[in-house]
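Numbering-wise (my numbering), the sequence shown opens with residue 3 and increments by one.
Take a look at the structure set out below.
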Amino acid sequence: MEKKVLFIIPAYNEESNILETVNKISSYAKKNKVSYDFIVINDGSTDKTKEVCKKNNIPNITLIHNLGIGGAVQTGYKYALENGYDIAIQFDGDGQHDIKYAKKLIDTIDENIDLVIGSRYITDNKSKFQSTFMRRVGSTCIKKCIKLFTKETITDPTSGFRAASKKVIEEFALSYPIEYPEPISIVELLKKKYKIKEIPVNMNERIGGESSIRAWKCAYYMINVCLSIFFVFMRGDK
Numbered sequence: 003m004e005k006k007v008l009f010i011i012p013a014y015n016e017e018s019n020i021l022e023t024v025n026k027i028s029s030y031a032k033k034n035k036v037s038y039d040f041i042v043i044n045d046g047s048t049d050k051t052k053e054v055c056k057k058n059n060i061p062n063i064t065l066i067h068n069l070g071i072g073g074a075v076q077t078g079y080k081y082a083l084e085n086g087y088d089i090a091i092q093f094d095g096d097g098q099h100d101i102k103y104a105k106k107l108i109d110t111i112d113e114n115i116d117l118v119i120g121s122r123y124i125t126d127n128k129s130k131f132q133s134t135f136m137r138r139v140g141s142t143c144i145k146k147c148i149k150l151f152t153k154e155t156i157t158d159p160t161s162g163f164r165a166a167s168k169k170v171i172e173e174f175a176l177s178y179p180i181e182y183p184e185p186i187s188i189v190e191l192l193k194k195k196y197k198i199k200e201i202p203v204n205m206n207e208r209i210g211g212e213s214s215i216r217a218w219k220c221a222y223y224m225i226n227v228c229l230s231i232f233f234v235f236m237r238g239d240k
């Protein structure tokens, strides 16, 4: 039986990217004769993202206020849970994620893995685009911090290209980190003994627009993520 798959596409001020992003998903699904649904979570955009979605009949949820990536993605997981999806794939609205890796993400979930992460840094197949030097340094430090506390190696802990099983959809719909959601959600799942696997993917530079993360924020981000990981493990919950 074919799995019911939803692409969760968080978007903040992505008027120049969002149509091409969803068209790539639709074209890939048609070419490969698979059924993929998608929902754009318009995170309080101040540009014409909402108008582009409306004009092109793109399924979307428009948030009145900007909740940030954590709140936007959790909205998508709530939608996935309410509509009975088996697998949810986080897929950035800026064109960085490559749709051709979707099938591998889905097939890996079929191997009884709870969360699959698309990694830019797996040694045998590194992505051509790996973000800025400072972001790579920050990602390496976060990787080491996760290893220290969980004994697990996650090569790309900040990757937003991920596939979640039905169990994880339920988990994330109920509780999802607002701050630093990718690495912190990984740590919380590992603490609860969920199974996580990485697969090599290629990522692209943004189609257009600007990233919401500036280079000068990288050190601040890294320090706060590592502190947050520490506090996750200091909590008594399991």
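Think of the CB as a built atom: it goes at the ideal place given N, C-alpha and C, for glycine as much as any other residue.
All values derive from a computational prediction rather than experimental measurement.
Span separating the alpha-carbon of residue i from that of residue j
{"i": "C143", "j": "C220", "result": "11 Å"}
{"i": "D1", "j": "G120", "result": "Because the chain here runs from 3 to 240, residue 1 falls outside it and cannot be looked at."}
{"i": "Y178", "j": "A82", "result": "14 Å"}
{"i": "R237", "j": "V54", "result": "43 Å"}
{"i": "P12", "j": "V42", "result": "6 Å"}
{"i": "E4", "j": "F163", "result": "21 Å"}
{"i": "V189", "j": "K33", "result": "36 Å"}
{"i": "I101", "j": "C147", "result": "30 Å"}
{"i": "A165", "j": "E154", "result": "18 Å"}
{"i": "K56", "j": "I71", "result": "22 Å"}
{"i": "E172", "j": "Y79", "result": "8 Å"}
{"i": "I215", "j": "P202", "result": "With a pLDDT of only 49 at I215, under 50, the local geometry of the prediction cannot be trusted, and no value is derived from it."}
{"i": "G210", "j": "L21", "result": "Residue placement at G210 is poorly supported in this model, since its pLDDT is 48, which falls under 50; the coordinates still yield a value, given next. Taking the straight line from one Cα to the other gives about 12 Å."}
{"i": "I156", "j": "M205", "result": "17 Å"}
{"i": "S187", "j": "D94", "result": "17 Å"}
{"i": "K149", "j": "K106", "result": "25 Å"}
{"i": "L176", "j": "H99", "result": "26 Å"}
{"i": "I115", "j": "V227", "result": "25 Å"}
{"i": "F40", "j": "K145", "result": "30 Å"}
{"i": "F9", "j": "Y123", "result": "23 Å"}
{"i": "V36", "j": "S167", "result": "18 Å"}
{"i": "Y38", "j": "V75", "result": "18 Å"}
{"i": "I66", "j": "K50", "result": "14 Å"}
{"i": "G97", "j": "E84", "result": "27 Å"}
{"i": "A104", "j": "T152", "result": "27 Å"}
{"i": "I63", "j": "Y222", "result": "31 Å"}
Residues bridged to residue i (per DSSP)
{"i": "E200", "result": "I119"}
{"i": "H99", "result": "M205"}
{"i": "N15", "result": "DSSP output for N15 lists no bridge partner at all."}
{"i": "V227", "result": "Answer is none; V227 lacks a bridge partner."}
{"i": "F40", "result": "F9"}
Where residue i falls, given that 16 or more other Cβ within 10 Å makes a residue buried
{"i": "P61", "result": "exposed"}
{"i": "T110", "result": "buried"}
{"i": "N58", "result": "exposed"}
{"i": "V7", "result": "buried"}
{"i": "K169", "result": "exposed"}
{"i": "I225", "result": "exposed"}
{"i": "V139", "result": "exposed"}
{"i": "I91", "result": "buried"}
{"i": "K52", "result": "buried"}
{"i": "T125", "result": "exposed"}
{"i": "I27", "result": "buried"}
{"i": "E113", "result": "exposed"}
{"i": "N15", "result": "buried"}
{"i": "S2", "result": "It is not possible to answer for residue 2, since the shown part of the chain is limited to 3 through 240."}
Supposed close pair residue i, residue j - CB separation, criterion 8 Å
{"i": "Y196", "j": "L117", "result": "6 Å"}
{"i": "K193", "j": "F235", "result": "7 Å"}
{"i": "E181", "j": "S230", "result": "7 Å"}
{"i": "P185", "j": "P159", "result": "4 Å"}
Problem set entry | beta strand (DSSP E) segments (min. 3 residues) lying fully within the stretch 152-201 | 164-166
Problem set entry | Uninterrupted beta strand (DSSP E) stretches inside the stretch 59-101 (no shorter than 3 residues) | 62-64, 89-92
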